[in-house]
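*Asks:* Can you keep this structure in mind? I'll have questions shortly.
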Amino acid sequence: MFVTGLVRDTVPKSNLYQGEQVKQMNIVHGALEDLDVIERALGEYEIDTVFHLAAQAIVGVANRNPISTFEANILGTWNILEACRRHPLIKRVIVASSDKAYGDQPTLPYDENMPLQGKHPYDVSKSCADLLSHTYFNTYGLPVCITRCGNLYGGGDLNFNRIIPQTIQLVLNGEAPEIRSDGTFIRDYFYIEDAVEAYLLLAEKMEELNLAGEAFNFSNEIQLTVLELVEKILKAMDSDLKPKVLNQGSHEIKHQYLSAEKARKLLNWTPAHTIDEGLEKTIEWYKAFFQK
């Protein structure tokens, strides 16, 4: 098996370029919005399995720049799906959606039968990408599955606007962490290594279990407020700093968390890490990163 990755921006400090992975894969430089680049990559490298993981993934950026978010997340997804539809070697496509695709629901946790009803730019972009994937399965028989996860975290995330990398960085610098919302928003935090294993398992089981067209939630099914999350990080880092609650959150869903019952039953899947174990490994990664 050989891996080919589509890279828009080269980030020298990223895990990809700091480690040995980049020497073990094909790199195609380009953007999701360029259908020709995607079609060329699929054909040139004879790809049979696609993991569509790329997106504009920051809610605040989406609120400020809706058009570029729609181009990346909606146009980018239909380009991937259309290129895969035209490529005869494709056996499976995994599209990474999000819990945000469900929008604001009156009943929690989210399950896969709930309607997709995003209201704000990022949420709408993921709802649309999700629906496009269903369209390509139902109309063209494209072997596609959809994953919906909560907020992914773990080593390698260099976007320090995100709550976990930002909090760890501030605490390491001796500064009080900041919470943009009022701290009561409930989120579902999912460790990156568990997400990778879940995606790989789904790809392996797709054909065997006839799962094309299905969506799966992956989650450790623990609901945390943002304030509780930050307090967990402070405790794990043995810090007595107090978080600053800015109360500036807007155009965001207040309460979100997922049920992973379907994945447990059909895939026999469970996450390998608790939230505390995931945070501990994440903190150690950032400590090592900042010491370089």
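Residue numbering for the sequence shown follows full-length UniProt numbering, starting at 1 and increasing by one per position.
Note that the Cβ used here is the ideal one computed from N, Cα and C, for glycine as well.
This one's a predicted model, so the numbers in the text were calculated from it and none came from an experiment.
What does the alpha-carbon distance come out to for the pair alanine 215 and isoleucine 275?
*Replies:* Translated into positions along the sequence shown, residue 215 becomes position 215. Translated into positions along the sequence shown, residue 275 becomes position 275. Looking at the two C-alpha atoms, the distance is approximately 24 Å.
*Asks:* Taking the C-alpha atoms as reference points, what is the distance between arginine 92 and aspartate 238?
*Replies:* In the sequence shown, the residue the question calls residue 92 occupies position 92. In the sequence shown, the residue the question calls residue 238 occupies position 238. Rounded to whole angstroms, arginine 92 to aspartate 238 spans 45 Å at the Cα level.
*Asks:* What is the DSSP secondary structure of threonine 139, reduced to helix, strand or coil?
*Replies:* The residue you call residue 139 lines up with position 139 of the sequence shown. Note: threonine 139 maps to helix in three-state DSSP.
*Asks:* Hey, out of Lys254, Asn113, Leu81, whose CA is closest to aspartate 188's CA?
*Replies:* Here residue 188 refers to the residue found at position 188 when the sequence shown is read from its first residue. Closest option to aspartate 188, Cα to Cα, is Lys254.
*Asks:* Which of helix, strand or coil does DSSP assign to lysine 254?
*Replies:* Here residue 254 refers to the residue found at position 254 when the sequence shown is read from its first residue. DSSP places lysine 254 in coil when its eight states are reduced to three.
*Asks:* Report, in whole angstroms, the separation of the C-beta atoms of isoleucine 58 and asparagine 161, which I expect to be a contact under 8 Å.
*Replies:* Residue numbering aside, residue 58 sits at position 58 when the sequence shown is read from its first letter. Residue numbering aside, residue 161 sits at position 161 when the sequence shown is read from its first letter. Rounded, the Cβ-Cβ distance is 6 Å, consistent with contact.
*Asks:* In chain order, what residues of the same chain lie with their CB nearer than 7 Å to the CB of leucine 266, ignoring the 5 residues before and after it?
*Replies:* If you number the sequence shown from 1, residue 266 lands on position 266. Result list for leucine 266: Leu209, in chain order.
*Asks:* Suppose the cutoff is 6 Å on Cβ atoms and the five residues either side in sequence are ignored; what does the same chain contact list for glutamine 117 look like?
*Replies:* The residue you call residue 117 lines up with position 117 of the sequence shown. Excluding sequence neighbours, glutamine 117 sits near Gly103.
*Asks:* In the DSSP output, which residue or residues are listed as bridge partners for isoleucine 27?
*Replies:* In the sequence shown, counting from the first residue as 1, residue 27 sits at position 27. Gly5.
*Asks:* Touch check for the region 20-36 and the region 169-184: three-plus C-beta pairs under 8 Å?
*Replies:* no
*Asks:* Assess, as a yes-or-no matter, whether the region 181-198 is touched by the region 116-133 under the definition of 3 or more beta carbon pairs within less than 8 Å.
*Replies:* no
*Asks:* Starting from isoleucine 146 and walking both ways along the beta strand (DSSP E), at which residues does that stretch end?
*Replies:* On the sequence shown, position 146 is the one that residue 146 refers to. First-last of the beta strand (DSSP E) with isoleucine 146: 144-149.
*Asks:* According to DSSP, is histidine 134 helix, strand or coil?
*Replies:* Here residue 134 refers to the residue found at position 134 when the sequence shown is read from its first residue. Three-state DSSP puts histidine 134 in a helix.
*Asks:* Grab me the residues of methionine 206's own chain with a C-beta within less than 7 Å of its C-beta, minus the 5 sequence neighbours each way, in chain order.
*Replies:* Here residue 206 is taken as the residue at index 206 of the sequence shown, counted from 1. Taken in chain order, the residues that qualify are Arg92, Pro143, Cys145, Ala212.
*Asks:* I'd like to check one pair, isoleucine 47 with threonine 107: are the Cβ atoms closer than 8 Å?
*Replies:* For the purposes of this step, residue 107 is taken as the residue at position 107 of the sequence shown. For the purposes of this step, residue 47 is taken as the residue at position 47 of the sequence shown. Cβ distance not < 8 Å, so threonine 107 and isoleucine 47 don't count as in contact.
*Asks:* Helix or strand or just coil, what does DSSP make of lysine 91?
*Replies:* The count along the sequence shown starts at 1 and reaches residue 91 at position 91. Coil.
*Asks:* Taking the alpha-carbon positions, what's the aspartate 111 to aspartate 9 distance?
*Replies:* Here residue 111 refers to the residue found at position 111 of the sequence shown. Here residue 9 refers to the residue found at position 9 of the sequence shown. Computed Cα separation, rounded: 34 Å.
*Asks:* Is it the case that the Cβ atoms of glycine 156 and serine 14 are separated by a distance below 8 Å?
*Replies:* Within the sequence shown, numbered from 1, the residue matching residue 156 stands at position 156. Within the sequence shown, numbered from 1, the residue matching residue 14 stands at position 14. It is a contact, given that the beta carbons lie within the stated cut-off.
*Asks:* With leucine 75 as the anchor, note down where its beta strand (DSSP E) starts and where it stops.
*Replies:* What you label residue 75 is simply residue 75 of the sequence shown in a count that begins at 1. Here leucine 75 belongs to no beta strand (DSSP E), and DSSP marks it neither H nor E.
*Asks:* Please report the residue range of the beta strand (DSSP E) in which aspartate 188 lies.
*Replies:* Taking the sequence shown and counting its residues from 1, one reaches residue 188 at position 188. That run of the beta strand (DSSP E) goes 186-191.
*Asks:* Going by C-alpha distance, which of Cys149, Leu132, Arg148, Thr147 is nearest glycine 141?
*Replies:* Numbered from 1 along the sequence shown, position 141 holds the residue referred to as residue 141. The candidate whose alpha carbon is nearest that of glycine 141 is Leu132.
*Asks:* Taking the continuous alpha helix (DSSP H) assigned at valine 37, which residues delimit it?
*Replies:* Along the sequence shown, read from residue 1 onward, the residue named residue 37 stands at position 37. Here the alpha helix (DSSP H) through valine 37 covers 35-44.
*Asks:* Are the Cβ atoms of leucine 81 and glutamate 33 separated by less than 8 Å?
*Replies:* Locating residue 81 in the sequence shown gives position 81, where the first residue counts as 1. Locating residue 33 in the sequence shown gives position 33, where the first residue counts as 1. The Cβ atoms of leucine 81 and glutamate 33 do not sit closer than 8 Å to each other.
*Asks:* Is the CB-CB distance between leucine 246 and arginine 180 below 8 Å?
*Replies:* Position 246 of the sequence shown holds residue 246. Position 180 of the sequence shown holds residue 180. Yes. Within cutoff.
*Asks:* Check this for me: beta carbons of leucine 201 and tryptophan 269, under 8 Å apart or not?
*Replies:* Here residue 201 corresponds to residue number 201 of the sequence shown, with the count starting at 1. Here residue 269 corresponds to residue number 269 of the sequence shown, with the count starting at 1. Less than 8 Å separates the beta-carbon of leucine 201 from that of tryptophan 269.
*Asks:* According to the Cβ coordinates, are asparagine 26 and phenylalanine 2 closer than 8 Å?
*Replies:* As a working note, residue 26 is residue 26 in the sequence shown. As a working note, residue 2 is residue 2 in the sequence shown. Annotated as proximal: asparagine 26 and phenylalanine 2, with beta-carbon spacing under 8 Å.
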